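Trainee:
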Ligand SMILES: [Mg+2]
C-alpha cells in the first residue's frame, strides 16, 4: 500500500478540527491539528507535512499569511484551503496564485471528497510552486 500523506490541519473552529482529526485518523493518516496560525506554523516546521488543510479567516495569523510561511518553511507541502469565505472567487484566485493547491468552500460536500483532493495533491507533490 502506498504511503499516506502526513497532514497538518489549521482551523480556528474546534468543530472542524475534530471532524478532520476523526476522519483522517480513523483511516490511518498521521494528522496534526492547530486552532491558531502560530501553532500551525510550528507544526508545519516540526512535522514536515505533505498536506496542509487551512482555514482562511482566523484571529491572529490568517490563512493567507500561513500559506506564505508554509511555502517558505516547507515548500513541498501542498496547501488546501477549506473556508467559508467566498468573495466571488477573488480571494480564491489570489490564493491559488500564491501557491495554494486548491480552495474548497465550506461546507465541503464530503470528507471523502476532501480526501480525494488530498490524494491528488499528494500524487502531484513533486510539482513546485513559487
Ligand atoms: Mg475560521
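Residue numbers (our numbering): 4 to 133. Using N, Cα and C, we set each Cβ at its ideal position, and we do this for glycine too. Keep in mind that this is a model prediction, so the values were computed, not measured.
With distance defined between alpha-carbon atoms, name the residue in 49, 57 and 74 nearest to residue 13.
Mentor: Closest by alpha carbon: 57.
Trainee: In chain order, which continuous runs of the alpha helix (DSSP H) of length 4 or greater are located wholly inside the region 21-82?
Mentor: Fully enclosed alpha helix (DSSP H) runs of 4 or longer: 40-50 and 66-76.
Trainee: Per DSSP, what kind of secondary structure is residue 124 in: helix, strand or coil?
Mentor: If DSSP states are grouped into helix, strand and coil, residue 124 belongs with the helices.
Trainee: Under the DSSP definition of a beta bridge, which residues are partnered with residue 12?
Mentor: Paired residue(s): 36 and 56.
Trainee: Does DSSP put residue 90 in a helix, in a strand, or in coil?
Mentor: Note: residue 90 maps to coil in three-state DSSP.
Trainee: With three or more beta-carbon pairs closer than 8 angstroms as the criterion, would you say the region 59-74 touches the region 24-37?
Mentor: Not touching, per the Cβ criterion.
Trainee: Within the present structure, is the beta-carbon of residue 15 separated from the nearest heavy atom of ligand 1 by less than 7 angstroms?
Mentor: At least one heavy atom of ligand 1 is nearer than 7 angstroms to the Cβ of residue 15, so yes.
Trainee: Spatial neighbours of residue 52 within its chain, please: C-beta separation below 8 angstroms, excluding the five flanking residues on both sides.
Mentor: Contacts found: 8, 9, 10, 11, 35, 46, 77 and 80.
Trainee: Going by beta carbon distance, what residues of the same chain come within less than 7 angstroms of residue 69, once the five residues before and after it are set aside?
Mentor: Correct list, in chain order: 13, 40, 43, 44 and 57.
Trainee: Please determine, among 118, 126 and 55, the residue with the shortest C-alpha to C-alpha distance to residue 27.
Mentor: It is 118 whose Cα lies nearest to the Cα of residue 27.
Trainee: Would you check if the distance between the CB atom of residue 85 and the CB atom of residue 50 is smaller than 8 angstroms?
Mentor: Not in contact: residue 85 and residue 50 (Cβ atoms no closer than 8 angstroms).
Trainee: Is residue 125 closer than 8 angstroms to residue 54 when the C-beta atoms are compared?
Mentor: Closer than 8 angstroms, so yes.
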